[in-house]
Amino acid sequence: MPICIECRYPVKTLWTQYSGAGDKSSGHNIRLTVCKNCGCFCDKYVEHDFVVLFIDLVLIKPQVYRHLLYNTLMKEDDKLDTSMPRLGLLLLLFDVYLTWARVEKQTDSAPVSDKGTALSDFAQQPIVSQYLFFLILCGLSSLAFHLCIRFLSTSRLSPLVAIKLLPCYTRPNSVSTALLVSSSTKLFPILMVIWQYDVPAAARSLGWAVVANNVEALRILLDCGYGVAALLTTIGAVGRWIVGRSVLWLVELQGLDSMGEASIAADGKALWAFVMYVREWAGQLVAG
Ligand SMILES: [Zn+2]
């Protein structure tokens, strides 16, 4: 059942079609339902296009998450929406690009003595093998992230459920949907069209923006507090990091990520730059 995105009150329908519907000349002829509980439109996003949705998603508006998670993408029997595997693949490919670009930059900027033989061997490999390697690395890491959070929030064996921090949620696929949708901030640079920023800093800022989005999406979906949502995201991130590390360790490329590892100061700076940039960008959009 759909909900009012302002106050979560359940509603029967989000809009009503009245006479003349389907007649292109007279517009959509759709009337949005007004919520009985709060008096606002139940779901204004029904009428908005993808770009508006995406911008509000990047700006972490809870309403847009409620619209997507409850009113659009959630199916009665917890089936994944057909667009989700495609979004997952897109995010994966983008992840591969960001990781690869970052590693390449690191390898280029590191002094020869720090590179180690394994790393320079790796750079000598054919492009296809390098691509496949990053594809597997990012694929397994993302899988670990999803599985950790799905296990913690939906399994009866979850320690968080056992200590009653979180009620056992029965829809694992909805959890993945929430994580995928909230990770789509990663695609934000596509809207910027021209990438003027140096890749490592941009990747780091995006990383933080994605974390904030993940936390918000989990909070809204599971109806829990920020603390629990942040804890879930952190454990998922740790799982992802362990898996990523293990893959690098298996192929003896341990040096790959520790070089130029993110310092807290650099992270803070990147986060701040991102916030300022979004504000400036949103400002221009409103003014234009
Ligand atoms: Zn309402």
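For what it's worth, this note's numbering labels the leading residue of the sequence shown as 26, then goes sequentially.
Each residue gets a CB set at the ideal place from its N, CA and C atoms; glycine is no exception.
Pairwise C-alpha distance: residue j and residue i
{"i": "M301", "j": "G308", "result": "10 angstroms"}
{"i": "S288", "j": "R304", "result": "Note that S288 scores a pLDDT of 48, beneath 50, so its modelled location is shaky; the value from the coordinates is reported in the next line. Taking the straight line from one Cα to the other gives about 25 angstroms."}
{"i": "E286", "j": "Q42", "result": "Note on E286: pLDDT 44, under 50, position unreliable in the model; the coordinate value appears next. Between E286 and Q42, the C-alpha separation is close to 55 angstroms."}
{"i": "A242", "j": "R91", "result": "9 angstroms"}
{"i": "V311", "j": "T124", "result": "33 angstroms"}
{"i": "I188", "j": "L205", "result": "27 angstroms"}
{"i": "E101", "j": "N62", "result": "24 angstroms"}
{"i": "R175", "j": "P197", "result": "6 angstroms"}
{"i": "S283", "j": "A148", "result": "Low confidence applies here, because S283 scores a pLDDT of 42, under 50, leaving its location unreliable; read the following figure in that light. Straight-line Cα distance between these residues: approximately 17 angstroms."}
{"i": "L212", "j": "L116", "result": "7 angstroms"}
{"i": "G64", "j": "W306", "result": "32 angstroms"}
{"i": "A203", "j": "L94", "result": "7 angstroms"}
{"i": "N239", "j": "L144", "result": "33 angstroms"}
{"i": "K86", "j": "S44", "result": "34 angstroms"}
{"i": "A237", "j": "V253", "result": "13 angstroms"}
{"i": "F75", "j": "E31", "result": "19 angstroms"}
{"i": "L118", "j": "L112", "result": "10 angstroms"}
Assumed close pair residue i, residue j - CB separation to whole angstroms, cut-off 8 angstroms
{"i": "D68", "j": "P27", "result": "7 angstroms"}
{"i": "L165", "j": "V272", "result": "6 angstroms"}
{"i": "S178", "j": "V153", "result": "That pair is no contact at about 38 angstroms."}
{"i": "L57", "j": "V71", "result": "6 angstroms"}
{"i": "D103", "j": "S167", "result": "The Cβ separation is near 20 angstroms, so there is no contact."}
{"i": "F25", "j": "R33", "result": "Summary: the structure shown does not reach residue 25, with the chain confined to residues 26 through 313, and so no result is reported for it."}
{"i": "L269", "j": "L114", "result": "According to the sequence as given, residue 269 is Gly; it is not Leu. Rounded, the Cβ-Cβ distance is 19 angstroms, inconsistent with contact."}
Closer than 6 angstroms: residue i CB and nearest ligand 2 heavy atom
{"i": "G252", "result": "Of the ligands this structure carries, namely ligand 1, none is ligand 2."}
Contact set, ligand 1 heavy atom to C-beta under 6 angstroms:
C29, E31, C32, Y34, C60, N62, C63, C65
Given 8 angstroms, three or more beta-carbon pairs between the stretch 253-262 and the stretch 97-107
no
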